[in-house]
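Everything in the first sequence is counted per our numbering, starting at 1 for the first residue and increasing by one. For every residue, glycine included, the Cβ atom is placed at its ideal position computed from N, Cα and C. Below is one structure, written out as structure tokens, with a few remarks after it.
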Amino acid sequence: MLNAFGKQNWWPADSPFEVIIGAILTQQTSWKNVEKAISNLKNKKEVNPESINNLDSEELESLIKPSGFYRIKAKRLKNFITYFIKTYNGKVKTMSEVDSMNLRKELLNIKGIGKETADSILLYALNKDIFVVDNYTKRIFYRLGVIETNDYEQIREIFEAGLKEQDKNNTIYNFKEMHALTVELGKTYCRKNPICIKCPLVSMCKKKGVKNEYGWN
DNA sequence: ACCCAGGTGGCCC
DNA sequence: GGGCCACATGGG
């Protein structure tokens, strides 16, 4: 994937806090639309916990409209920021000092932050060695025959173990690139309706004739 | 006119 | 534990 697509250098953002905002806004949404929403926020105010918390809900909704699901995402942003200010005084550094698996549980208790969003925050905002599993990860590597399970935690542990074993000295970097490259490959060659024939990994495929969401046509 | 996007929670069984 | 649904804008 690195040969096919090059280094991705995720996550594009000016600050770790902006990574978190983007992680919530990009749920089931193309990054292009998220960029518009973040650009609207930046044009309004500096993107920091206090300034976004001080926006009233209707104004926040209207600013993030391009990212879709804007009413529910405005609530999700507020849910996170309320917790973040109350618990960590709005400081990313303070939050990042918490043990990563304990912090993961805390994040998962916030309504609107599920596993992928929590793990994106841990990896890309806080540089924790947690691998992010998304639907492309499941779809691509199921089709390839690399994984047989659909369970998020199992898949996360399989990738974490494999990537650590391959290169212990660049765990965080490799987790970041692996996930970003997986998304890049998925966007181009691994949609729900399979168009895998030009996929750079197609020669590795072990599975044939599987017909379901994670199937091969 | 479809199909899909860097998911999540609620509800039902 | 899974299966289905709402949430919504914008691009191919």
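Give me, in chain order, the residues of the same chain whose beta-carbon lies closer than 6 angstroms to that of residue i; leave out the 5 immediate sequence neighbours on both sides.
i	result
Ala125	Pro16, Val19 and Ile20
Trp11	Val19 and Tyr124
Lys65	none
Could you tell me the distance, in whole angstroms, from the CA atom of residue i to the CA atom of residue j?
i	j	result
Asn109	Ala13	25 angstroms
Leu163	Asp119	16 angstroms
Lys7	Leu181	8 angstroms
Glu213	Glu153	At Glu213, the pLDDT of 47 sits below 50, so the modelled position is not reliable and the matter cannot be decided from this model.
Lys198	Tyr189	7 angstroms
Lys192	Ile140	10 angstroms
Lys73	His179	23 angstroms
Asn33	Gly22	10 angstroms
Glu157	Phe131	8 angstroms
Leu103	Met95	8 angstroms
Asn9	Ala37	21 angstroms
Lys175	Asp129	The residue you asked about is not Lys; residue 175 is Phe in the sequence shown. When rounded, the distance between both Cα atoms is 7 angstroms.
Thr117	Lys75	15 angstroms
Asn3	Val202	14 angstroms
Does residue i pass the burial test, meaning 16 or more other C-beta atoms within 10 Å, or should it be called exposed?
i	result
Ile81	buried
Leu41	buried
Should residue i and residue j be called a contact, given that it needs their Cβ atoms to be closer than 7 angstroms?
i	j	result
Gly112	Asn89	no
Leu25	Ser57	no
Phe69	Glu184	no
Ser51	Lys45	yes
Met101	Leu144	no
Can you list, in chain order, the residues of its chain whose CB lies under 7 angstroms from that of residue i, leaving out five sequence neighbours each side?
i	result
Arg71	Glu61
Leu137	Residue 137 is actually Thr in this sequence, not Leu. For Thr137, where only same-chain residues beyond five positions count, the Cβ hits under 7 angstroms are Ile155 and Thr182.
Would the beta-carbon of residue i be found less than 6 angstroms away from any heavy atom of the ligand NAD?
i	result
Lys75	What this structure holds is no ligand at all, so the ligand NAD is not there to describe.
Apart from the five residues on each side of it in sequence, which residues of its chain come closer than 8 angstroms, Cβ to Cβ, to residue i?
i	result
Ala161	none
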